[in-house]
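Inspection log for the structure reproduced underneath, given as structure tokens.
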Amino acid sequence: TVGAHVVRTRTPGIVEGEPRGTLRFKYLARDGTALQVGDVLVTSGQGGLFPRGIPIGRVRAIDDRGAALFNYAALDPAVDFGRVDEVLVVTGRPSQDLTAYFPPGG
955 TVGAHVVRTR TPGIVEGEPR GTLRFKYLAR DGTALQVGDV LVTSGQGGLF
1005 PRGIPIGRVR AIDDRGAALF NYAALDPAVD FGRVDEVLVV TGRPSQDLTA
1055 YFPPGG
């Protein structure tokens, strides 16, 4: 799991990986204003493990579970992990927001 927020609205939540390789954005308010299909999510920097601004994914579908307290959203990952050949491991904590280094749609 990783702390995340919606780029468009700054709405916070948690992204969790699922066994079948998909991602789920959890704990969204049920008012429906915070999230739309196509919204981009990035790491929030909360918790200190991942720096703020790294792309996580794009909202594919919003799951309204009827009487549940929160909504959930299915995400398409920002990266096709089946095509990754190399990764860069960042050690230490960056002193700036990394959002500018990951252009939307890029």
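Under the numbering used here, the residues of the sequence shown are numbered 955 to 1060, in order. Glycine is no exception: its CB is placed at the ideal position from the N, C-alpha and C atoms.
Check, Outcome
"As assigned by DSSP and simplified to three states, the class of glycine 1036", "helix"
"Per-residue burial, proline 973 [other beta carbons within 10 Å of its own, 16 or more giving buried]", "exposed"
"Counterpart residues of leucine 995 in DSSP-defined beta bridges", "Val960 and Gly1011"
"Aspartate 1018, DSSP secondary structure in three states", "coil"
"Cβ pair count under 8 Å reaching 3, the region 1035-1043 against the region 1008-1019", "no"
"Given arginine 964 as reference, the closest of Leu977, Leu1003 and Asp993 once Cα atoms are compared", "Asp993"
"Rounded straight-line distance, which links the Cα of leucine 989 to that of glycine 957", "16 Å"
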